[in-house]
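In the numbering used here, the protein residues as written are 34 to 362.
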Ligand code: NDP
């Protein structure tokens, strides 16, 4: 068998104009690392969309194989933690940003970046979850640590029909929370209800500049949108509540005031998946295997092949993707 495999390579010219090509690489072309993985499944996250389209400076080393998430089988390892044949997942750590990523038949990475595929999940399942779903679980765990139980009241999820949002709704509803889903796609109301949303609100309700304090509508939230949306979510959070902020689909800014924090004791919980320590990742993946309904995961994910990655990257940046996209290699 030839050791050559297909890969997506993003390059840029002297004028910093970006181009995307499908190329053939061999293991000799890969970057340094102590574990080589045969990539069996990957996915297209919002960040991958930004990387491939060049809409934001995600790629910081040129040329680069993008793709921040992969699941596959260890082919060879010089790291005592991993043996050939082991099933692994990788999310983040700069892979697909500064280190050759998932959109290739093989990836060579640091063994310390890998998490074992939890029992009961396939490589495809893990990529239906992907960074978006693992981040949704980090948000849920942060709310739990803050004492936001289902008994405290409803929880709002913004960017509901996207990847983080869809997985967050599925997990929160299985855990017994009353989930309010905020979406700009009201035609997806039935989909969101099937995932477990109890109420749907229109994105517009949270898009105008926020008042310092609004009516207390929820005990907590998972926010994938940022900007005015997050400001409104904070101003409508009940006394002592908390909001996990993980995304910027609506903007990087946060035009809020200190009122929710100092007058209602509301907490803003920052969530980063990329550099999250290994213990937290392992716990998040254990919880995903336990608390995510596999029928809902199937309902929120669609499957494409390697050749569909570039189109899906464009679509996700334009807000056209529903739920999660799995790439079967
Ligand atoms: P998706 O594109 O799948 O979902 C984003 C959703 O946000 C869309 O589906 C849409 O939901 C909503 N949305 C899109 N554009 C706007 C807008 N202009 N104003 C308001 N809402 C908008 O992305 P993901 O779910 O994968 O990621 C969501 C965010 O989280 C991204 O910003 C991503 O970069 C970030 N992220 C951060 C991580 C971290 O470690 N902190 C990890 C993973 C993701 P709807 O149609 O329902 O309104």
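Using N, Cα and C, we set each Cβ at its ideal position, and we do this for glycine too.
For clarity, every value in this text was computed on a predicted model and none was experimentally measured.
With respect to the 8 Å criterion, residue 193 and residue 164 are not classified as neighbours on the basis of their beta carbons. Within the region 126-152, the complete beta strand (DSSP E) segments of 3 residues or longer fall at 139-142, listed in chain order.
When the Cα atoms are used, residue 181 and residue 272 turn out to be separated by approximately 12 Å.
The shortest C-alpha to C-alpha distance from residue 155 to any of 103, 257, 266 is the one to 103. Counting only residues of its own chain and dropping the five nearest sequence neighbours on each side, residue 225 has a CB closer than 7 Å to the CB of 193, 194, 202, 214, 216, 233.
In this chain, the alpha helix (DSSP H) harbouring residue 80 covers 79-86. Bounds of the beta strand (DSSP E) holding residue 51 are 51-58.
Taking a cut-off of 8 Å for Cβ pairs, the region 75-92 and the region 158-172 touch, as three or more such pairs fall below it. Short of 6 Å from the beta carbon of residue 230, and not among the five residues preceding or following it, lie these beta carbons of its own chain, in chain order: 202, 212, 214. For residue 311, the enclosing alpha helix (DSSP H) covers residues 311-324. Distance from the CA atom of residue 115 to the CA atom of residue 68, rounded to whole angstroms, is 8 Å. Leaving aside the five residues that flank residue 336 on each side, the residues in its chain whose CB is nearer than 7 Å to its CB run, in chain order, 359, 361. Annotation for residue 78 indicates a beta carbon within 7 Å of some heavy atom of the ligand NDP. Cα atoms of residue 294 and residue 301: separation of roughly 8 Å, rounded to the nearest angstrom.
The three-state secondary structure of residue 330, taken from DSSP, is helix.
Taking the C-beta atoms as reference points, residue 117 is found no nearer than 8 Å to residue 128. For residue 246, the secondary structure class from DSSP, reduced to helix, strand or coil, is coil.
Excluding its 5 nearest sequence neighbours in each direction, residue 221 has C-beta neighbours in its own chain below 6 Å: 194, listed in chain order. Listed in chain order, the beta strand (DSSP E) runs fully inside the region 169-247 are 188-191, 212-216, 232-235, counting runs of at least 3 residues.
Ranked by Cα distance from residue 277, the options 296, 290, 251 are led by 251. Counting the other Cβ atoms within 10 Å of the Cβ of residue 170 gives 16 or more, which makes it buried.
At a cut-off of 7 Å, the beta-carbon of residue 305 counts as near the ligand NDP: some heavy atom of the ligand is closer than that. Beta-bridge pairing by DSSP links residue 255 to 190, 277. In the DSSP assignment, residue 357 falls within the unbroken beta strand (DSSP E) covering 357-361. Looking at the backbone, the Cα of residue 303 and that of residue 255 are separated by about 10 Å. A Cβ-Cβ contact shorter than 8 Å links residue 283 with residue 260. Burial of residue 120 is indicated by the presence of at least 16 other C-beta atoms within 10 angstroms of its C-beta. Between residue 105 and residue 71, the CB-CB gap stays under 8 Å. Residue 114 has its CB no nearer than 7 Å to any heavy atom of the ligand NDP. Here residue 91 carries a coil assignment [DSSP, helix/strand/coil]. Relative to the ligand NDP, the nearest heavy atom lies less than 7 Å away from the CB of residue 258. The DSSP-derived three-state label of residue 260 is helix. Taking residue 122 as reference, the option from 101, 130, 112, 190 with the minimal CA-CA separation is 101.
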